Amino acid sequence: MKAVIFLAHGSRRVEANKAFFELSAKIAGKLNLGIFEVAFIEPSLPSFQAAIESCVERGADRILVYPHFLSSGVHLTKDMTAEIKKARCSHPQIEISCTLSLGEQPELLDLISRVVEEGLR
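Those letters in the sequence shown? Residues 4 to 124, per this note's numbering, in order.
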């Protein structure tokens, strides 16, 4: 079974984390995902490893990680990479892969350009 983990930085502000939970649920519903989890790098819960465990317990044999980040900073290049490596060691039977981050998506340029253009009108 396939699963998706929506990964974000996390915030001390409960409202910010709640908004990411809601966004992730909307996307999961649109894609008809059977198993999905939300995880945060810091300082919020659930953690990435907790999300992995939940997916595995629910029967996932393939987990796709979507990093909701705009740039490839330390959290992506170091922290997320280490977390995925740790998860692969804990669950070698599970295929764990990762999409490009939000900031690496080519469509983002068009979206931002449209938003700015509309704001200038």
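Built from N, CA and C at the ideal position, the CB exists for glycine as well. Owing to the predicted nature of the structure, the values given are computational and were not obtained by experimental measurement.
Using a C-beta cut-off of 8 Å, the segment 97 to 111 makes no contact with the segment 40 to 52, since fewer than three inter-stretch Cβ pairs fall below that distance. The segment 10 to 87 is shown to contain whole alpha helix (DSSP H) runs of 4 or more residues at 17 to 33, 51 to 60, in chain order.
Taking C-beta atoms as the reference points, residue 19 and residue 66 fail to come closer than 8 Å. A straight line joining the alpha-carbon of residue 116 with that of residue 124 spans about 13 Å. Distance between residue 70 and residue 105, taken at the CA atoms: about 7 Å. Comparing C-alpha distances from residue 8 to each of 88, 109, 54, 118 shows the shortest one belongs to 54.
In this structure residue 63 touches residue 97 by the C-beta definition: roughly 7 Å separates them, less than 8 Å. Within the DSSP secondary-structure output, residue 98 pairs in a beta bridge with 65. Rounded to the nearest whole angstrom, the CA to CA distance from residue 32 to residue 81 is 30 Å.
Sixteen is the threshold: when 16 or more other Cβ atoms of the shown chains lie within 10 Å of the Cβ of residue 27, as they do, the residue is buried.
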